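All remarks here apply to the structure that follows.
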Amino acid sequence: MHIVQKAERVARTILSSMPIYEFDCRECGARFEELTRAGASAACPTCGSDDVERRFSPISEPRVPVGLFGKAAAESNARRKEREAQRQERFREDRKRREKG
Ligand SMILES: [Zn+2]
């Protein structure tokens with residue numbers, strides 16, 4: 193299997209087993225999102241209270257970039273940069289030739 197597809201599948205597996213839920217803190221009113229197991233609760237990051245209310249189950253769109261992850265994304269960016277540099281290099285050489293000609 194291609195490394196990128198593998199990374200995406202791993203990421204999706206993690207996300208699907210740990211859905212993001214949105215909570216409202218009854219203690220201080222803070223709203224926060226937590227990756228929790230289904231049915232599990234979370235503690236408020238603001239005041240530390242676990243008297244929280246789950247709002248939605250789960251949030252439909254996880255806030256994770258779709259597409260590449262981690263090392264695969266970095267390698268893809270590096271390749272794109274390299275291609276762009278080569279393209280600019282060719283462009284400069286072409287222009288030089290045209291200026292001479
Ligand atoms: Zn709170």
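All letters in the sequence shown, in the order written, are residues 193 to 293 by this note's numbering.
Beta carbons: idealized from backbone N, C-alpha and C, even for Gly.
Since we're looking at a predicted model, the values are computed, not measured.
Distance cut-off 7 Å: residue i Cβ against heavy atoms of ligand 1
{"i": "residue 241", "result": "yes"}
{"i": "residue 228", "result": "no"}
{"i": "residue 219", "result": "yes"}
{"i": "residue 222", "result": "yes"}
Exposure label - residue i; buried when at least 16 CB within 10 Å
{"i": "residue 215", "result": "buried"}
{"i": "residue 244", "result": "buried"}
{"i": "residue 239", "result": "exposed"}
{"i": "residue 220", "result": "exposed"}
Cutoff 6 Å; reference residue i; Cβ partners in own chain excluding five residues on either side
{"i": "residue 237", "result": "224"}
{"i": "residue 194", "result": "none"}
Own chain residues within Cβ distance below 8 Å of residue i, not counting five before or after
{"i": "residue 199", "result": "260, 261, 262, 263, 264"}
{"i": "residue 241", "result": "217, 218, 219, 220, 235"}
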